[in-house]
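Chains as they are written, first to last, in full-length UniProt numbering: chain A, 1 to 237; chain B, 1 to 276.
We put the beta carbon where it would ideally sit given N, CA and C, even for glycine.
As the structure is a prediction and not an experimental result, all values here were calculated from the model.
To start, the structure under review is shown below, and the notes come after it.
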């Protein structure tokens with residue numbers, strides 16, 4: 001038992017600090033993805049609601065592709081695709097340089113693409129919960145279209161789509177595990193490294209598993225707080 | 001009182017409203033043009049590579065990979081659906097001894113990444129090698145294929161149990177009461193009255209679960225199972241040719257789209273009495 005505790009301690013003898021940095025990278029990747037995913041998802045939802053057929057079609061093609069591809073494949077496509085694309089571009093420009101894409105950035109882009117295509121559906125169904133009168137009321141007050149959207153519709157939209165978005169956050173948190181495959185030193189990768197070196201795979205993968213579980217529990221507690229805060233204006237039934 | 005003496009000839013329909021080139025319309029057309037260019041260049045790229053050395057060398061591997069992916073998905077879903085029955089029953093039970101374990105099981109498997117579950121089973125089993133050899137189960141945990149099936153079945157059983165529970169709870173209570181009033185026994189009520197209605201509700205979530213499973217099965221490639229993704233990664237690591245991933249993307253999109261179409265047909269057929 002003491003041996004196991006030594007393995008998990010912080011410092012040179014144990015793997016506690018490595019695993020802690022892994023957790024930090026996992027969480028920061030998920031948090032860094034959220035703003036891009038939300039903004040892109042909102043724009044996609046607006047495009048899918050627009051009166052123009054071509055815009056709707058373009059947005060639908062995007063979601064069909066990124067909801068149909070496995071997340072792992074999207075990650076590889078972005079990681080190697082950007083790398084090879086940039087390399088060919090520099091060669092065309094006459095440089096001869098080896099380019100390596102930052103795996104954090106590649107992971108962020110790929111996860112944001114997947115997240116936004118799911119988030120757009122969440123926003124789209126939330127849009128249906130906002131009565132037409134809200135828009136009309138906004139216009140009647142003399143707000144411009146953009147002001148109505150930002151000041152009147154968006155806050156309600158966020159509140160209505162909160163349950164679906166909480167689900168997407170939990171899925172995103174789980175999907176970050178895939179980034180270990182392209183070499184980012186996240187929780188799974190650090191655990192794998194510790195497991196290989198110490199020959200204690202069950203201990204370290206078990207720890208990683210439990211940390212993911214704790215992260216999920218903490219997020220659902222936090223999300224239910226946010227949900228309660230968002231609902232503070234509603235009458236209790 | 002006015003009487004019309006002559007038949008009023010119908011007026012011509014109003015002219016179609018002119019569509020101004022608003023900013024949204026311009027953006028839409030630009031984006032569509034981008035998609036069309038991307039799609040056309042993809043088609044051209046694939047068509048020009050159909051007889052390339054890469055495809056000639058690896059096409060049979062890709063077919064093997066697709067077959068492996070299908071096997072993984074079908075076997076895991078089948079085992080998972082069997083496992084989901086007792087879990088769903090426990091999850092909707094009122095007794096704590098049944099409810100709590102089922103709840104914990106569902107929460108744990110839905111709260112952690114499939115990748116971490118697969119690693120824990122496949123690599124973690126190595127920690128118990130002597131014990132597993134003693135009880136004669138080592139052949140099972142030594143093989144990545146069995147471990148993947150095991151992990152995926154456990155994972156999908158948790159999701160399927162939630163789908164099943166939600167569907168059964170969505171059947172109104174009056175259905176139970178009405179059937180009891182007719183003097184039917186509980187098993188017959190469940191199998192003949194509740195379950196058919198619940199299956200209709202659960203059809204769409206089940207379809208989504210199958211698609212999630214197809215996408216999730218790509219994870220098997222990380223633990224050295226050569227499914228479609230595994231064959232793709234092997235082909236890429238040997239040839240460094242990016243078309244490896246593009247072919248994989250095309251195949252995955254085709255599989256998912258075909259499944260979606262089949263499921264839409266099935267749903268329309270099974271709910272045809274509800275359509276007007």
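Could you name the residues of the same chain whose beta carbon sits closer than 6 Å to that of residue 55 of chain A, not counting the 5 residues immediately before and after it, in chain order? Residue mapping note: residue 55 of chain A aligns to position 55 of the first chain, counting from 1. For residue 55 of chain A, where only same-chain residues beyond five positions count, the Cβ hits under 6 Å are 47.
With 9 Å as the C-beta to C-beta threshold (strictly closer), list the residues of the stretch 110-128 of chain A near chain B in chain order. Those residues of the stretch 110-128 of chain A that come within reach of chain B (Cβ to Cβ, closer than 9 Å) do not exist; the list is empty.
With a CB to CB cut of under 6 Å and the five nearest residues on each side skipped, what residues in its chain are close to residue 162 of chain A? What you label residue 162 of chain A is simply residue 162 of the first chain in a count that begins at 1. Around residue 162 of chain A: 227 and 230.
Round the Cβ separation of residue 199 of chain B and residue 167 of chain B to the nearest angstrom and send it over; I've been treating them as touching at under 8 Å. In the second chain, counting from the first residue as 1, residue 199 of chain B sits at position 199. In the second chain, counting from the first residue as 1, residue 167 of chain B sits at position 167. Correct: roughly 7 Å between the Cβ atoms.
Just to confirm my understanding: we take residue 148 of chain B, look at its own chain, exclude 5 residues before and 5 after, and list those with CB closer than 7 Å. What are they? By one-based count along the second chain, residue 148 of chain B stands at place 148. Closer than 7 Å at the Cβ level, and outside the excluded window around residue 148 of chain B, lie 72, 118, 220, 223 and 225.
Buried or exposed: which applies to residue 17 of chain A, given that a residue is buried once 16 or more other Cβ atoms fall within 10 Å of its Cβ? The residue labelled residue 17 of chain A in the question sits at position 17 within the first chain. Exposed, by the Cβ-count rule.
Flag this pair as yes or no: are the beta carbons of residue 126 of chain A and residue 168 of chain A separated by less than 7 Å? For the purposes of this step, residue 126 of chain A is identified with residue 126 of the first chain, where counting begins at 1. For the purposes of this step, residue 168 of chain A is identified with residue 168 of the first chain, where counting begins at 1. No, these two residues do not count as a Cβ contact at 7 Å.
Please say whether residue 195 of chain A and residue 15 of chain A have beta carbons closer to each other than 7 Å? Taking the first residue of the first chain as 1, we reach residue 15 of chain A at position 15. Taking the first residue of the first chain as 1, we reach residue 195 of chain A at position 195. Cβ atoms of residue 15 of chain A and residue 195 of chain A: not closer than 7 Å.
Span of the alpha helix (DSSP H), counted from its first residue to its last, around residue 70 of chain A: Here residue 70 of chain A refers to the residue found at position 70 when the first chain is read from its first residue. Note, residue 70 of chain A: premise wrong, no alpha helix (DSSP H); not H, not E.
Taking a Cβ distance cut-off of 9 Å, strictly less, list which residues of the stretch 171-193 of chain A are near chain B, in chain order. Within the stretch 171-193 of chain A, those residues whose Cβ lies closer than 9 Å to any Cβ of chain B are, in chain order, 173, 174, 175, 176, 177, 178, 180, 181, 187, 188, 191 and 192.
Where residue 19 of chain B sits in the DSSP three-state scheme: Here residue 19 of chain B refers to the residue found at position 19 of the second chain. Here residue 19 of chain B sits in coil by DSSP.
For residue 241 of chain B, is the classification buried or exposed, using 16 other Cβ atoms within 10 angstroms of its Cβ as the cut-off for buried? Mapped onto the second chain, residue 241 of chain B falls at position 241. By the Cβ-count criterion, residue 241 of chain B is buried, with 16 or more other Cβ atoms from all chains shown falling within 10 Å of its own Cβ.
Any C-beta of chain A within less than 8 Å: which residues of the stretch 116-128 of chain B qualify? For chain A, the residues of the stretch 116-128 of chain B that bring a beta carbon within less than 8 Å of one of its beta carbons are 116, 117, 119, 120, 123, 124, 125, 126, 127 and 128, in chain order.
Buried or exposed by the 16-neighbour rule on C-beta atoms within 10 Å, applied to residue 21 of chain A: The residue labelled residue 21 of chain A in the question sits at position 21 within the first chain. That one is exposed.
Any chain B beta carbon closer than 7 Å to residue 144 of chain A: Translated into the one-based positions of the first chain, residue 144 of chain A becomes position 144. No, its Cβ sits nowhere closer than 7 Å to a Cβ of chain B.
Quick check on residue 208 of chain A - is its C-beta less than 7 Å from some C-beta in chain B? Residue numbering aside, residue 208 of chain A sits at position 208 when the first chain is read from its first letter. Yes, residue 208 of chain A lies at the interface with chain B (some Cβ there is under 7 Å from its Cβ).
So with Cβ pairs under 7 Å, would you call residue 215 of chain B a contact of chain E? The structure shown has no chain E; the protein chains it does contain are A and B.
Excluding the five sequence neighbours on either side, which residues of its own chain have a C-beta within less than 8 Å of the C-beta of residue 50 of chain A, listed in chain order? Taking the first chain and counting its residues from 1, the one referred to as residue 50 of chain A is at position 50. The residues are 56.
Taking the alpha carbon of residue 259 of chain A as the reference point, which residue from A/118, A/117 and A/82 has its own alpha carbon closest? In the structure as shown, chain A begins at 1 and stops at 237. Residue 259 of chain A is therefore absent and cannot be evaluated.
Contact under 7 Å by Cβ, residue 99 of chain B with residue 239 of chain B: Translated into the one-based positions of the second chain, residue 99 of chain B becomes position 99. Translated into the one-based positions of the second chain, residue 239 of chain B becomes position 239. Against a cut-off of 7 Å, the Cβ pair of residue 239 of chain B and residue 99 of chain B comes out as no contact.
Decide if residue 197 of chain A is buried, meaning its Cβ has at least 16 other Cβ atoms within 10 Å, or exposed. The residue you call residue 197 of chain A lines up with position 197 of the first chain. It counts as exposed.
Kindly confirm or deny that the stretch 22-32 of chain A and the stretch 173-180 of chain A touch, where touching means at least three C-beta pairs closer than 8 Å. yes
Taking only beta-carbon atoms, is residue 68 of chain A less than 7 Å away from chain B? Here the question's residue 68 of chain A lines up with position 68 in the first chain. Judged by the 7 Å Cβ criterion, residue 68 of chain A is in contact with chain B.
Chain-ordered residues of the stretch 194-223 of chain B with a beta carbon less than 7 Å from chain A: 215, 218, 219 and 222
Consider the Cβ of residue 29 of chain B: report whether some Cβ of chain A lies at a distance smaller than 7 Å. Here residue 29 of chain B corresponds to residue number 29 of the second chain, with the count starting at 1. Yes - at least one Cβ of chain A is within 7 Å of the one on residue 29 of chain B.
So that I know if they touch, is there some Cβ in chain A lying closer than 7 Å to that of residue 139 of chain B? Translated into positions along the second chain, residue 139 of chain B becomes position 139. No, no contact with chain A.
With a threshold of 7 Å between beta carbons, is residue 113 of chain B in contact with chain A? One-based indexing of the second chain puts residue 113 of chain B at position 113. Yes, because at least one Cβ of chain A sits closer than 7 Å to the Cβ of residue 113 of chain B.
Are residue 218 of chain B and residue 70 of chain A closer than 7 Å when you measure CB to CB? Along the second chain, read from residue 1 onward, the residue named residue 218 of chain B stands at position 218. Along the first chain, read from residue 1 onward, the residue named residue 70 of chain A stands at position 70. Result yes, Cβ atoms of residue 218 of chain B and residue 70 of chain A sit closer than 7 Å.
Taking the CB atoms as reference points, tell me whether residue 205 of chain A and residue 191 of chain A lie closer together than 7 Å. Position 205 of the first chain holds residue 205 of chain A. Position 191 of the first chain holds residue 191 of chain A. Yes, they are a contact pair.
Would you list, in chain order, the members of the stretch 200-227 of chain A that have their beta-carbon closer than 8 Å to a beta-carbon of chain B? Within the stretch 200-227 of chain A, the qualifying residues are 200, 201, 202, 203, 205, 206, 208, 209, 212, 213, 216 and 217.
Span of the alpha helix (DSSP H), counted from its first residue to its last, around residue 148 of chain A: Position 148 of the first chain holds residue 148 of chain A. Looking at the DSSP string, residue 148 of chain A is not in any alpha helix (DSSP H), and its letter there is neither H nor E.
If you measure beta-carbon to beta-carbon, which residues of the stretch 231-243 of chain B are closer than 7 Å to chain A? 242
Run through DSSP, which three-state label would residue 14 of chain B get? In the second chain, residue 14 of chain B corresponds to position 14, counting from 1. Correct three-state label for residue 14 of chain B: coil.
Leaving out the 5 sequence neighbours to the left and right, which residues in its chain are closer than 6 Å to residue 223 of chain A when beta-carbon positions are compared? As a working mapping, residue 223 of chain A is identified with position 223 in the first chain. Contacts found: 166.
Specify the secondary structure class of residue 128 of chain A as computed by DSSP and reduced to three states. On the first chain, position 128 is the one that residue 128 of chain A refers to. Coil, per DSSP.
Is residue 99 of chain A helix, strand or coil when you go by DSSP? What you label residue 99 of chain A is simply residue 99 of the first chain in a count that begins at 1. Note: residue 99 of chain A maps to coil in three-state DSSP.
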